[in-house]
Every structure is written in C-alpha cells, then in structure tokens.
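Only one structure is covered here, and it is reproduced in the block below.
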Amino acid sequence: MSAVQETVTEAPAIDAVPKRAMTLGTGTSLVMLALLILVPLFVKNFIIFQLTMLLIYGLAVLALNILTGGSGQFSLGQSAFYAVGAYTSAILMEHAGVNYALTLPVAGVVCFGFGFLFGQPALRLSGVYLALATFALATAMPQLLKLGVFETWTGGVQGLVVTKPDAPFGLPMSQDMWLYYFTLVITVAIYIFSVNLLRSRSGRAFMAIRDNEIAASAMGIDVALYKTLAFGVSAGITGVAGGLGAIAVQFVAPDGYTITLAISLFLGMVVGGVGWLPGSIVGSAFIIFVPNIAEGISKGLSGAVFGVLLFLVIFLVPHGARQVATVAQQLLGKLKKS
Amino acid sequence: MELFTNQVLAGVATGAIYACMALAVVMIYQAIDHLNFAQGEMAMFSTFISWQLMQWGVPYWAAFVLTLGISFAGGIAIERLLFKPLAKAPILTNVAGFIALFAIINSVAGLIWDFTIKQYPTPFGSSPFLGSQLISTHQAGMIGVTVLLLIALYIFFQFTRIGLAMRAAASLPESARLVGINTSWMIALGWGMAAAIGSIAGMLIAPVVFLEPNMMGGVLIYGFAAAVLGGLTSPFGAVIGGFLVGIVENLAGTYIPGVGNELKLPIALALIITVLVVKPAGLFGRPIVRRV
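Top to bottom, those sequences are chains A and B.
Per the working numbering, the first sequence runs over residues 771 to 1108.
Per the working numbering, the second sequence runs over residues 22 to 313.
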C-alpha cells in the first residue's frame, strides 16, 4: 500500500503541463522524431540494428511505464510477456508461414490475454508482494519454455531461427533499414496510442486507482477490472515489442528472456522517470548503451561499473530523465524571461 | 517407504538452508520494509571470503567464525553507506538500489575469484550419518547448525535488552524512538545480522551446489518462497516455511512425473503465487490491515 502512495507523491505521472511548456515539449519531440527518421540514412547497418533495438526496448519500457506510472502497479516480470510475444511471432512465422507484420497483432492479443489472466491473482497484491510474484514469473519463464511438451513448437533449448524480412515493393533498402522504419512506425503509433490512453476515461481511472484505491472505488471505478486491464495493456505492448525483437534478432531461445531482461526493463523505467512516457526512450538508451560503456571502462568489472552508474543515477537524479527535463525546462523559462 | 523417508530428510536438510535465507530476508524486511534482492549475492560473497581464508591456511571453524564477523561488518557498512540515504526514497528507487548492489557484488566476485566452479570443503564429511543410509553427515550437519542458530537467535531476541530493542524498533519505530532506542542503528544491526545469517547459509550449501558467483540464484528464490509461505512478518514462520519448501521441493521432484530438476524453479513460482493468492499474509504472518 505505502508503495503505491510513495510512487504517487514522489512522481505525479502525467500532470497538467502549462501551455508554453507544451509547445516546447512538442518542439523537442518533433526534433527527436526528425532525428530518428534521418539518422539511419547516414550510419552503418550495425548501428541501425542497435537503433532498432533502442526502439523495441523503448516500447517495452513504455509498457511498464503505463503499468507503474499509470495504474501504480509494479512488475519485475516483463521479460515473461516479452518472451511470450517473441515466441508467438516466431512460431507463427516459422511453423504457420504467416507474414511477419501480421504476427505482431497476434502477439499483442495473446500477451494481452496472458497479462489480463496474470493480473487476476496480482489483484490481491501490492508493493513488494507484487514485485515478488512477478519476479518469480520472470525467473520461471525460461524453464517453462524449455519444457518437453512444447518442444515441437518452441524448439526446446535450441530455440527457433526467424528469417529476416526483405523490404517490400522493391524498395532500395537494406533489410536492417527496412526493419528499422517498420519498427519506427509501430513505435510512434503505439506511443500516440499510449498518450491518448492515459488521457482517456480509462487512463484517468488508472490514475485514480494509483492515487487512492478506496476513493477511486467510491467514485464508481471498477478497481479490479481496471487493474487487470492495465496489466493486459502493458503485457500486450510488451508482446508486440517481443515480436519485433524476435524479428530483429532473427532468433528466439529460452535463455534470451531471463530475469536479466526484466531487470533491465525495470531499470530503464527508473532511469527514464516513472510515469513520464518520453523518458522510456532515454531509459532504453541507458540499458542498451551503458553496459557497452561499462565494458569499455573495464572488461571484467562491467557489472560493477553498471551498478555504480545506477547508484549515481539514484542518488543524483532520483526521478531520472524526467527530473533532468524539468530542470532544463525551468532554465529555459528563466532565460526567456530575462 | 524408504525412498519417501529419504526424500523427506533430504528435504529437511536443504530446507535448513532455505530457512536461513528466508530468515535473512525477513530480518531486513522487518527492519526496512523492503525485500533484499541482493541477499543471495551477499551470502555468495561471504562464502568466497571464507574459501579464501581457508586457502590461506586458516582452519575451517576459525574461517567460519571470521567470515561471520566480516559479513556482519559488511552488512552494516552497506546499510550505512548505500541504503540509509535511501530510507525515504520511493520503493522503486530502493528496488533499483538492490539490483545495482546485486550487479556490483556479482561482478566483483567474478573478477576476484573468476567464474570457474570450485570445490568447497565440508567439516562434517559425507559418509552416511550414524550408519544409516538415509542421510549423510553433511546433511545432518546442515540441520544441526541451523537448529543451533535458531536457538541462539531465539535467546537473543527474547532474553537480551538489545534483542528487545530491535523488536521494538521493527514493530513500532516511533514509540521505540520515544523510549530512547536508537532505531537507525537497530536497522543497521538488522542488516549486519542478516548478512551473517546469509553467510552461514552460503557456507553450508556451498559443498552441495559448489562455489561460483551465481550459486545463490536458485537458493534465493526458494528463500523468498519460504519467507512468503511462512509470512514476511514472522521470523518463526520463515523458518518453518524454509523446511516446508525444502520438503515440498524434494517430494515434488521425486513423485510428480515430469518434474525432475528443470521444473524445480517453476514449483517455487507456483508456491509463491498460490500462497499470495490464497493467504497473502502467509502461515504465521500478521494479516495486512488497511485503514479506510
């Protein structure tokens, strides 16, 4: 219980932003979008691949952000949903020969159902207890995927190889570049969907539950329904990200979806700022590039360097990128006044 | 029947380890209301320290006691340096802190002692215990040490002033402060004791799972399962939970077809979720009461 309240008082998620700040925010996002569109034209294929992963993890972090920042629930088990999405896409593509683009909505729907069902027992839990239950889910997932019963479908320990799609209509693009733009379109669409979702009736219901469950139910909000719904939506988006991830990496295997992935996504959310959707991409950049930087500083100590950097973030900017953005905005405002 | 008794006894032996881990988890949970996700790594690091001491020629029991002391000091140091400043931070920040601690300890241990699997000695030997085929001397030793530890902890908490002060600080911090208890240091003491208890679990399980930086991963999950089963608010419950989880794990592995070794973690998962759904407070925990 206290957990929920703390996240709330410390980080009010989507607050009413003043008009001028809004235009500033819109300007920044347009510049970001332009950069995301233009940069791949000038870089090598490997970097395009990394940017694709940046978007995919960004989506997964965004999904967690809707769950935690929106409805105040909390999950260390996102890797399980990511794995289910990835496997759904891979199995549909390799065993049923479905087109890759069509597998993504299926992955989303399957994960929505899975998340919705998992949300049922999770209803009775909050704070640490929920963290623990989802943590256990993420830990058990790789073992469940290795089960002999599903082996004809999942390929067991070996996993499945996924073919990378070519650019359609004879477009003169490399596979990586096509996949990047494909991912970008989906990411932007889901981002817009999420922003609107949080502003809609359902989104306000999420936030009312997050802020005070009892008051929310007194206002006539079906707390159980909206809490499981938040789990479902979050899992669905994570599933789409998982499907995209499977296509981008061209491979699914149980050991690719361990608890480490769930922890990374969680850290991405904390670093990006809980409840601040644009922070998702910053958080995703943190979890993709910082381990590389850490490895660059010291090969054997990469985990330690990563941990130390994380402690620095926690101590210096506890609200993550959101805090940096707010400070920057205030500074800009002061400059304009003077 | 012999197989059954055998499996139950083996379950009690591993359960002793889970009981220690659960106890360590519950002690920190009582003190600061957070689950220490790095508990297993702290125990692993302590075990490596004891191994290093033995490599330098320190006899087993001397190394055991020295490691307890070092772990105790280490636990206090971690609380003072890293988690005391986070006491008022939101729960998410704390979880991130525990994960950072996890990464740091795991990586440092890997760098100092590398990731190869090492043999770890047992002071009890591994011959059959009292001539019976049911249980080995090391398993009997594991149970014995855990029982001694529990008796010592019981005496500490029930019959010493400082144990009473710790209990007071955990259950009603504000009132405890009013009667002059330094609650901040009680929390640090709780961390130190949790680290020491964890190190005992690590040193006892190391001969079974072998010594390497990732050795405590599975054990920690079972420790969590045990703590949840017994109730996160009850140290006594955590211990009972530990033994129960150990027995259930072994029996399920033996009698449910298709479970075997790979499905042992999902069993812990199923256990955690079932308990949380059916009886969130655990067997012996205080039920969670919310004020409307």
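Glycine residues also receive a C-beta, built at the ideal position from the N, C-alpha and C atoms.
This one's a predicted model, so the numbers in the text were calculated from it and none came from an experiment.
T798/A is outside the set of residues whose beta carbon lies under 7 Å from a beta carbon in chain B. Here A40/B is near F264/B, since their CB atoms are less than 7 Å apart. Ranking G184/B, L170/B, L290/B, L24/B by CA distance to the CA of V240/B puts L290/B first. Counting other Cβ atoms within 10 Å of its Cβ, T1030/A stays below 16 and is therefore classed as exposed. Along the stretch 129-202 of chain B, the alpha helix (DSSP H) occurs as fully enclosed runs of 4 or more residues at 158-180, 182-192, 194-199, listed in sequence order.
Inclusion of P234/B and G131/B in the CB contact set at 7 Å is warranted, their separation being smaller than that value. Listed by position along chain A, the residues whose Cβ is nearer than 7 Å to that of T254/B form an empty set, because the closest Cβ is around 11 Å away. Judged by their CB atoms, V993/A and I979/A are nearer to each other than the 7 Å cut-off. A Cβ-Cβ contact shorter than 7 Å links N815/A with D946/A. Taking 7 Å as the cut-off, the beta carbon of A259/B is found no closer than this to the beta carbon of M163/B. Contact of S1072/A with chain B by beta-carbon distance below 8 Å involves S128. Nearest CB-CB separation between V1044/A and chain B: below the 7 Å threshold.
Rounded to the nearest angstrom, the gap between the Cα atoms of T254/B and M187/B is 14 Å. The closest CA to that of S972/A, considering only H865/A, L995/A, F952/A, is found on L995/A.
With contacts defined as CB atoms closer than 7 Å, I172/B and A190/B fail to qualify as a contacting pair. In this chain, the alpha helix (DSSP H) harbouring A853/A covers 848-865. Contact between the stretch 43-57 of chain B and the stretch 207-218 of chain B is present, with at least three C-beta pairs closer than 8 Å.
Per DSSP, the unbroken alpha helix (DSSP H) holding S972/A starts and ends at 971-981. Using a Cβ-Cβ cut-off of 8 Å, P891/A is close to I294, L297, V298 of chain B, given in chain order. Excluding sequence positions up to five before and after K105/B, its CB lies less than 6 Å from no other CB in the same chain. Annotation for V1052/A: the continuous alpha helix (DSSP H) segment containing it runs 1049-1067. The residue among E270/B, G306/B, G238/B with its C-alpha nearest the C-alpha of G251/B is G306/B. At a cut-off of 7 Å between C-beta atoms, F69/B does not count as an interface residue with respect to chain A. Under the 8 Å Cβ criterion, the stretch 59-66 of chain B counts as touching the stretch 111-130 of chain B, having at least three qualifying pairs. By the neighbour-count criterion, in which 16 or more other beta carbons inside 10 Å mark a residue as buried, K997/A falls on the buried side. Cβ proximity to chain B below 8 Å picks out A901, L902, A903, F905, A906, L907, T909, A910, Q913, L914 from the stretch 900-915 of chain A.
For V116/B, the neighbours in chain A by C-beta distance under 9 Å run, in chain order, F844, L846, V898, A901, F1036, V1040.
Comparing C-alpha distances from K934/A to each of T924/A, E921/A, L949/A, P942/A shows the shortest one belongs to L949/A.
Going by DSSP, P228/B is part of the alpha helix (DSSP H) stretching over 204-230. Contact of L1082/A with chain B is not assigned, every C-beta pair being separated by 7 Å or more.
Neighbours of I1033/A in chain B, taken as residues whose beta carbon is under 7 Å from its own, are I120 in chain order. Residues A856, S859, A860, V932, V1022 of the same chain have their beta carbon placed closer than 6 Å to that of A1016/A, with the five preceding and five following residues left out of the count.
One thing to note: N869/A has its Cβ no nearer than 7 Å to the Cβ of L1047/A.
Approximately 5 Å separates the beta-carbon atoms of V296/B and V249/B; this is inside 8 Å, confirming the contact. Taking S92/B as reference, the option from K109/B, F69/B, T114/B with the minimal CA-CA separation is F69/B.
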